[in-house]
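Step one of this worksheet: look at the structure below.
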Amino acid sequence: MRIDAETPPLYAASVPVFRHYLERMSGMVALADEAALMHRIADTFPARQQFATAAGFTLRIACPLAGRDLPSLPEALGPRLAVARALLGGMRPDEFLGAETLMITHVAGFSEITQTGADFLFRFGLPNFFFHLTMGYAALRAAGVPLGKADYDGFHAYPADFRFPAP
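For the sequence shown, the residue numbers in this note's numbering are 9 to 175.
Pasting the structure below:
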């Protein structure tokens, strides 16, 4: 789908972004063994749970913005990523018309919060999604999985032997 001036802004800022990064997560998970997926940084969730939580956030955010009920996702990580991506792919831009001003009540930890659709996406949804994605990526890196920035975002390219100089 082409994003242009006619595309509802909350659709453009959510569905294509989430779908892209779900694909990136699937690639990272494919490079990791079970031990790496169970690796955690400090007292955070293991990488597997970080990615599962990020996948859940994609629908936890997009569904209310599109006026849809939140579906259940598979527990197994690979299918969870694939199903979330497929469900997002079925969302239409017109479902997001007027989503900026919707009032969405949701739970954040032990807090119940009511936000406009715009605040819900930009101040809660995207930051939480990227937090869990980044924590999963960092846990896999710390476990020794050979990931780089290209694996994370799909845009960067570096020669195979490239290393940043140590500080």
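Beta carbons are placed, not taken as given, at the ideal position from N, Cα and C, and that holds for glycine.
Looking only at C-alpha atoms, which of the options sits nearest to residue i?
i, options, result
"Leu-129", "Glu-14, Lys-157, Ala-38 and Ala-20", "Ala-20"
"Gly-162", "Ser-22, Arg-32 and Arg-27", "Arg-32"
"Pro-54", "Thr-66, Ala-70 and Val-37", "Val-37"
"Val-25", "Gly-75, Arg-149, Ala-147 and Phe-65", "Phe-65"
"Leu-67", "Ile-49, Gln-57, Ala-50 and Arg-88", "Arg-88"
"Met-111", "Gly-75, Leu-155 and Pro-79", "Gly-75"
"Met-99", "Ala-158, Pro-135 and Arg-27", "Arg-27"
"Phe-71", "Arg-149, Asp-41, Glu-103 and Arg-56", "Looking at the sequence itself, residue 71 is Cys, so the reference to Phe does not match. Of the listed residues, the one whose Cα sits closest to Cys-71 is Glu-103."
"Ala-42", "Ser-22, Lys-157 and Leu-148", "Per the sequence shown, the amino acid found at residue 42 is Glu instead of Ala. The option with the nearest alpha carbon to Glu-42 is Leu-148."
"Met-143", "Arg-171, Leu-39 and Ala-50", "Ala-50"
"Phe-132", "Thr-15, Glu-14 and Ser-22", "Ser-22"
"Glu-83", "Gln-58, Gly-106 and Ala-174", "Gln-58"
The alpha helix (DSSP H) spanning residue i covers which residue range?
i, result
"Met-33", "23 to 39"
"His-140", "134 to 150"
"Ala-90", "85 to 97"
"Ala-116", "Ala-116 -> not in any alpha helix (DSSP H); beta strand (DSSP E) instead, spanning 111 to 116."
"Pro-17", "17 to 20"
"Ala-158", "157 to 161"
Counting along the chain, where does the beta strand (DSSP E) carrying residue i start and finish?
i, result
"Ala-70", "Counting along the chain, Ala-70 falls outside any beta strand (DSSP E), though it belongs to the alpha helix (DSSP H) covering 55 to 74."
"Glu-120", "119 to 124"
Mind reading off the beta-carbon distance from residue i to residue j? Whole number of angstroms is fine, and I expect it under 8 Å.
i, j, result
"Ala-62", "Leu-85", "11 Å between Cβ atoms; not a contact."
"Thr-113", "Thr-124", "Actually they do not touch by this definition, with Cβ atoms about 11 Å apart."
"Leu-155", "Tyr-166", "Not confirmed; about 12 Å, so no contact."
Name the DSSP beta bridge partners of residue i, please?
i, result
"Arg-48", "Pro-54"
Between the alpha carbons of residue i and residue j, how many angstroms are there, rounded?
i, j, result
"Glu-108", "Ala-126", "5 Å"
"His-164", "Pro-17", "25 Å"
"Ile-69", "Gly-152", "32 Å"
"Leu-30", "Arg-93", "6 Å"
"Tyr-160", "Asp-77", "29 Å"
"Ala-168", "Glu-14", "40 Å"
"Val-91", "Ala-116", "24 Å"
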